[in-house]
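Take a look at the structure set out below.
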Amino acid sequence: MRKLTLLVLLILFTGCLESLKDLNYSDIHSSKSVLVVKVIDGDTIDILNDGKIEKIRLVGIDTPEPYSDNNTKKWYGLPNKHLKEWGVKARDYTNDRLYNKEVNISYDSIQGNKDDYGRTLAYVSIEGKNFNLELVENGYARVYTEKKSDLYLKLIEAQTRAQLNKIGLWNYNNK
Numbered sequence: 043m044r045k046l047t048l049l050v051l052l053i054l055f056t057g058c059l060e061s062l063k064d065l066n067y068s069d070i071h072s073s074k075s076v077l078v079v080k081v082i083d084g085d086t087i088d089i090l091n092d093g094k095i096e097k098i099r100l101v102g103i104d105t106p107e108p109y110s111d112n113n114t115k116k117w118y119g120l121p122n123k124h125l126k127e128w129g130v131k132a133r134d135y136t137n138d139r140l141y142n143k144e145v146n147i148s149y150d151s152i153q154g155n156k157d158d159y160g161r162t163l164a165y166v167s168i169e170g171k172n173f174n175l176e177l178v179e180n181g182y183a184r185v186y187t188e189k190k191s192d193l194y195l196k197l198i199e200a201q202t203r204a205q206l207n208k209i210g211l212w213n214y215n216n217k
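Residue numbers (our numbering): 43 to 217.
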């Protein structure tokens, strides 16, 4: 009887985890509406928050650097020239989607609110969609694997799909 009870509990717990996996971060954490006033690069923006400018680093992801060298090992061996080109594309995509728009920001319970440079770490949602995840799905970003985040598994799944389908920066032919 005890084994049967444990089995039932395990099945219920697994089902709960599976349903949580499909939630957006903003569905389970409080968020705040802010205005994006500047796009620095693909994963860094400035927002107007309670009358003050605040620098936001999109948590859980990393876009290529458009102006400085990238660590190609973290980018699965993709060449720096290719990464810089996609850094510009990621910045432009972020600018097109977020600049001068109202977005919702929410924080990661694992990584905390600030990075090593004092920037606020946040998820950004626009039109009900998690923009951090959108960047990964569309091949503009990789998952930041150096530290885990609340959406780590969901981001890894999105990156794997983008890589397998050669979406965005993952569509590189070694010529």
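All C-beta atoms, glycine included, are put in the ideal place defined by N, C-alpha and C. Keep in mind that this is a model prediction, so the values were computed, not measured.
Beta strand (DSSP E) segment containing residue i, residue limits
i, result
"A164", "162-168"
"N174", "First-last for N174: 173-179, but that is the alpha helix (DSSP H), not the beta strand (DSSP E)."
"M157", "The sequence as given places Asp at residue 157; Met does not occur at that position. From DSSP, D157 is part of no beta strand (DSSP E); its letter is neither H nor E."
"N91", "86-91"
For residue i, three-class secondary structure by DSSP
i, result
"N146", "strand"
"L120", "coil"
"V79", "strand"
"V101", "coil"
"K131", "helix"
"K74", "strand"
"K115", "coil"
"L193", "coil"
"I152", "coil"
When the options are compared against residue i, the one with the closest alpha-carbon
i, options, result
"E179", "R133, S110, Y159, W212", "W212"
"T162", "G84, D88, S75, V79", "D88"
"G170", "G181, K156, S148, K97", "S148"
"Y159", "S72, K80, I98", "I98"
"H124", "R133, D138, P108, T136", "P108"
"G84", "R184, Y194, L195, D192", "R184"
"S73", "T114, Y214, V166", "V166"
"L140", "N215, L206, V76", "V76"
"L177", "N155, K189, A204", "A204"
"D92", "N113, T86, V79, Y214", "V79"
"I95", "V101, K115, T86", "T86"
"G181", "K208, T114, K116", "K208"
"T187", "T136, I82, I103, I152", "I103"
Residue environment, residue i, which counts as buried when at least 16 other CB atoms sit within 10 Å
i, result
"P106", "buried"
"K131", "buried"
"G210", "buried"
"D69", "Per-residue confidence for D69 stands at a pLDDT of 44, beneath the threshold of 50, marking its modelled position as unreliable; the derived number appears in the next sentence. Counting Cβ neighbours within 10 Å, D69 comes out exposed, since fewer than 16 surround it."
"N146", "buried"
"L193", "buried"
"K196", "buried"
"L206", "exposed"
"S191", "buried"
"N142", "exposed"
First through last residue of the alpha helix (DSSP H) which encompasses residue i
i, result
"L211", "Looking at the DSSP string, L211 is not in any alpha helix (DSSP H), and its letter there is neither H nor E."
Residues bridged to residue i (per DSSP)
i, result
"E96", "I89"
"R184", "D104"
Minimum Cβ-Cβ distance from residue i to chain C less than 8 Å
i, result
"S75", "This model lacks chain C altogether; it includes just one protein chain."
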